[in-house]
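What follows is one structure encoded as structure tokens, with my remarks underneath.
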Amino acid sequence: MMQGATMHEVFDVAAGRERLAELQDETTTAAWRATVDAAAPGFDEWIVGAVFGGTYQREGLTPRDRQLLIIGALTALGGVDPQLSGHLTTSLRIGMTRTEVAEALVHLVPYVGLPRVMAALRLLPEPAAEPPMTDRDVDAR
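Written out as structure tokens, the structure is:
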């Protein structure tokens, strides 16, 4: 993203598709897109363009930073298990270890409460589900 660009100047569906493919596996992406498109046809493309082709294109945060923020926000919200589960998987996909993600959740206890953290920990994939890291994943950390 060009420095100084405003949020209104960045809505790039192609860049959003590329970023989404880097972050999420095809099964996760297909699931949320089908859910969204069934209720609000076309809204899935807006999400891809605005969120993954806009917000995710901004400078200043690494993919790891973004995932930690998202996990914290979704855990605090509660009641968003499909989204939280997907982002926990994405965190592992981009190179975070299960231990790092679990420790981030534990750190949230005094801020969001034990019940919310326990619910999030139940969604954390088992160690065998961690995908192998690529050179790109290591660079993103």
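Residue numbers (UniProt numbering): 1 to 141.
C-beta atoms are modelled at their ideal positions from N, C-alpha and C, and glycine is treated no differently.
ask   = Is Tyr56 closer than 8 angstroms to Arg17 when the C-beta atoms are compared?
value = For Arg17 and Tyr56, no; Cβs fall outside 8 angstroms.
The region 71-82 contacting the region 99-119, beta-carbon criterion three pairs below 8 angstroms = Touching, per the Cβ criterion.
ask   = In its own chain, which residues sit with a C-beta less than 7 angstroms from the C-beta of Met96, not counting the 5 before and 5 after it?
value = For Met96, where only same-chain residues beyond five positions count, the Cβ hits under 7 angstroms are Arg64 and Gln67.
query = Span of the alpha helix (DSSP H) holding Thr75?
reply = Here the alpha helix (DSSP H) through Thr75 covers Pro63 to Leu77.
Spatial neighbours of Val36 in its chain, beta-carbon cut-off 6 angstroms, leaving aside the 5 residues before and after = Around Val36: Phe43 and Asp44.
Element boundaries [alpha helix (DSSP H), containing residue 145] = Residue 145 falls outside the range modelled here, since the chain spans only 1 to 141, and no answer is possible.
ask   = Of the residues Thr28, Ala15, Val13 and Arg33, which one's Cα is nearest the Cα of Gly86?
value = Answer by Cα proximity: Thr28.
inquiry  = Output needed for Leu108: all residues of its chain with C-beta closer than 7 angstroms, excluding positions within five of it in sequence on either side, in chain order.
reply    = Contacts found: Gly72, Thr75 and Val117.
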